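Here is the structure we will look at.
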Amino acid sequence: MDLKTVQHVARLARLQLTDAEAARMAADMARITEHIHALGKVDVRGVEPTVHPVAARNQWREDAVTESFTREQATQNAPESEQNFFKVPPVIE
Numbered sequence: 061m062d063l064k065t066v067q068h069v070a071r072l073a074r075l076q077l078t079d080a081e082a083a084r085m086a087a088d089m090a091r092i093t094e095h096i097h098a099l100g101k102v103d104v105r106g107v108e109p110t111v112h113p114v115a116a117r118n119q120w121r122e123d124a125v126t127e128s129f130t131r132e133q134a135t136q137n138a139p140e141s142e143q144n145f146f147k148v149p150p151v152i153e
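Quick note: to get our numbering, add 60 to the position in the sequence shown (first position is 1).
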């Protein structure tokens with residue numbers, strides 16, 4: 061990764077890098093691309109494509125009816141309430 065490419069990418073990302081930062085980024089990006097090329101050499105024949113390394117499914121809880129708060133309980137700690145409803149400032153005039 062050369063300095064010119066880093067400066068071009070920084071300009072596209074609207075980043076202002078000093079010369080020292082750009083040089084450090086060039087070295088970092090060169091190491092990252094080396095790792096990507098190394099991964100490209102790994103033999104993955106016979107390996108199924110995956111989105112995530114762990115085969116996890118949605119862990120849903122049992123849908124059961126339970127006791128819930130009354131309106132009085134729900135609004136008892138509200139800064140303001142009126143007739144057991146939350147009272148908030150108007151947002152549309």
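Don't be surprised by glycine CBs; every beta carbon is placed ideally from N, CA and C.
Since we're looking at a predicted model, the values are computed, not measured.
Checklist entry - In three-state terms, what does DSSP make of E132? => result The residue you call residue 132 lines up with position 72 of the sequence shown. E132 falls in the helix class under three-state DSSP.
Checklist entry - Is it right to say V148 is buried, meaning 16 or more other beta carbons lie within 10 angstroms of its own, or is it exposed? => result In the sequence shown, counting from the first residue as 1, residue 148 sits at position 88. Under a 10 Å Cβ-count criterion, V148 is classified as exposed, with fewer than 16 other Cβ atoms of the shown protein chains found around its own Cβ.
Checklist entry - Would V66 be called buried (16 or more neighbouring beta carbons within 10 Å of its own) or exposed? => result Within the sequence shown, residue 66 is the residue found at index 6, counting from 1. Around the CB of V66, 16 or more other CB atoms lie within 10 Å, so the residue is classed as buried.
Next on the checklist: Going by DSSP in three states, E204 sits in which element: helix, strand or coil?
Outcome noted: Because the chain here runs from 61 to 153, residue 204 falls outside it and cannot be looked at.
Checklist entry - If you draw a straight line from the alpha carbon of T135 to that of T93, how long is it in whole angstroms? => result The residue labelled residue 135 in the question sits at position 75 within the sequence shown. The residue labelled residue 93 in the question sits at position 33 within the sequence shown. C-alpha separation (whole angstroms): 56 Å.
Item to check | Other residues of its chain near M89: CB distance less than 6 Å, five sequence neighbours each side excluded | outcome: Looking up residue 89 in the sequence shown gives position 29. Hits under 6 Å: M61.
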